[in-house]
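Read in order, the letters of the sequence shown are residues 32 to 434 in the numbering used here.
What follows is a single structure, written as structure tokens, with notes after it.
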Amino acid sequence: MADPILFAVLFCAVAIGWLFGRAASTRHRMQPRSSDYYKGLNYLLDAKPDAEMDTFIASLDVNEETFETHMALGHLLRKKGEVQRAIRVHQNLLNASDIAPDHQHSAHLELARDYISAGLLDRAEHLLLDLISESPQRAVEARRYLIEIYQTEREWEKAAAMASSLLSKKAFFGGKQADVPGPGEQSVNVLLPHFYCELCEQQLQQGNRRGAEEALEAAAREDGSNVRVTLMYARLAFNDADYEQTISLLHQVEHQDPDFLPETLPLLKVCYTELGRQHDFSLFLRASLAKYPTTGLMLALADHVKDFEGVENAAAFLADYMRDSVSLRGLYRLLLWQLESDQDQLPSHLEIAMELMKQLSEKSPAYRCHHCGFGGRHLHWFCPGCKFWGSIKPMGVTKVLSQ
Ligand SMILES: [Zn+2]
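Have a look at this one:
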């Protein structure tokens, strides 16, 4: 670019910054900018080659009058993925001597957000902890970002402590803790029991049974009706070979969230078998399936029928059940049993169809997120799609519409 043109562009940029900075000084506090302002800045950034961009950033004076221009520029740079430049812009603001403390704290928070975007979580953590002690006005926001960091790093004890510190800032209404927004759209009240359950899992993996129990007790104090908490208590009872207690705990799941009934079946089956109460298990499966038709319950009952009444009765049960409730996994199981029992008479093309169905059934999701629609083969308590906690559930059967 020729020098006169470069000079003209830089002059315009500085003039825009000065004008916006001057306008800002009359308002005293930061106001949301119009979309035209961001469009203008965006256009300016898009039009600049890399080298000129650095000159442009360096050319802007840092003072109270140009503060908002710097903030808007840093925000846009981070949004465009140019995190290193955003960091430089926000560091310039922090190093400036004539910036009001309130504005310094804003820049401090933005710099922490830059570090999070860059994956420099340790640096972001230090900045946010400093900000909590320096600025009560920004402490809540800083705590939300810290929760995100601890969540990413699987530091569940710190995540729970930080989430609790947000809760303690709010009053209780009618004996119940008021909802407090967390780092995403979910309330901290929803996140906390999951953080303690994750901590419980961690302690179990490390062989610390006492630590696991303490974490689970903390989860129950946050939300005793949380289905995940009940499932974990059942797992601890099962590890102790306390089968009666495991059954009693797992039966609570129906009243907490019947969508999770299929998750109780593997342990229930072992417990009822150990106690010689297979008939009770059969009654439980039939009653549950009548109330809550899901593929997991249907297949568990079919397996149970196969174990006690033979494969033909099990296949007959599946075929009958799927007359008005179809499931790919159920269909595959039905054909598999037919193939096993009558292999000689099956034509080869049916075997190919079976193989295709097996692949389809293995790829089709068994769990679905109720918030974003993410589908998976395994139960995730933290949705990889929308980052929600507890939004993924086992899938039900598809009802066939009557013609
Ligand atoms: Zn989701």
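Note that beta-carbon positions come from the ideal geometry of N, C-alpha and C, so glycine has one too.
Looking only at its chain, what residues have a beta carbon closer than 8 Å to the beta carbon of residue 58, apart from the 5 residues adjacent to it on each side? With a pLDDT of only 41 at residue 58, under 50, the local geometry of the prediction cannot be trusted, and the value read off the model is given with reservation. Counting only Cβ-Cβ distances below 8 Å, and skipping sequence neighbours, we find nothing.
Which residues end up in the neighbourhood of ligand 1 when you take C-beta atoms closer than 6 Å to any of its heavy atoms? 400, 402, 403, 405, 414, 416, 417, 419 and 422
Tell me the DSSP bridge mates of residue 218? 212
Residues bridged to residue 400 [DSSP beta-bridge criterion]: 423
Buried or exposed (CB count within 10 angstroms, at least 16 for buried), residue 241: exposed
Which same chain residues, not among the five before or five after residue 323, have their C-beta less than 7 Å away from its C-beta? 289 and 292
Looking only at C-alpha atoms, which of 421, 390 and 253 sits nearest to residue 401? 421
Segment limits, alpha helix (DSSP H) that includes residue 118: 114-126
Excluding the 5 residues preceding and the 5 following residue 252 in the sequence, name in chain order all residues of the same chain whose CB lies nearer than 7 Å to its CB. The answer is none, since no qualifying residue turns up.
Between the Cα of residue 145 and those of 128, 175, 275 and 112, spot the shortest distance and give me the residue it belongs to. 112
Would the stretch 182-192 and the stretch 132-144 be scored as touching if the rule is three or more Cβ pairs under 8 Å? Judged by Cβ distances under 8 Å, the stretch 182-192 makes no contact with the stretch 132-144, as fewer than three pairs qualify.
Keeping to the same chain, check which residues put their C-beta closer than 6 Å to that of residue 315; ignore five residues upstream and five downstream. none
How big is the Cα-Cα spacing for residue 250 and residue 174? 20 Å
Would you check if there are 3 or more beta carbon pairs closer than 8 Å linking the stretch 111-126 to the stretch 85-94? yes
Look at the Cβ atom of residue 171, then the Cβ atom of residue 197, and state whether they are nearer than 8 Å. yes
Report all residues from its chain with a CB closer than 6 Å to the CB of residue 413; omit the five preceding and five following residues, and keep chain order. These residues qualify, in order along the chain: 420.
Distance between residue 154 and residue 273 (C-alpha atoms, nearest Å): 47 Å
I think residue 363 touches residue 329, with their Cβ atoms under 8 Å apart; what is that distance to the nearest whole Å? The pair is not a contact, with the Cβ atoms about 12 Å apart (cut-off 8 Å).
For residue 95, which of 426, 257 and 123 has the nearest alpha-carbon? 123
Range covered by the alpha helix (DSSP H) that runs through residue 188: Element bounds for residue 188: 187-198.
Cβ-Cβ separation, residue 263 to residue 281 (assumed contact under 8 Å), whole Å: Not really, about 11 Å apart at Cβ, beyond 8 Å.
At the level of alpha carbons, what is the spacing between residue 216 and residue 134? Approximately 27 Å, taken between the alpha carbons.
Does the distance from the CB of residue 223 to the CB of residue 195 come in under 8 Å? yes
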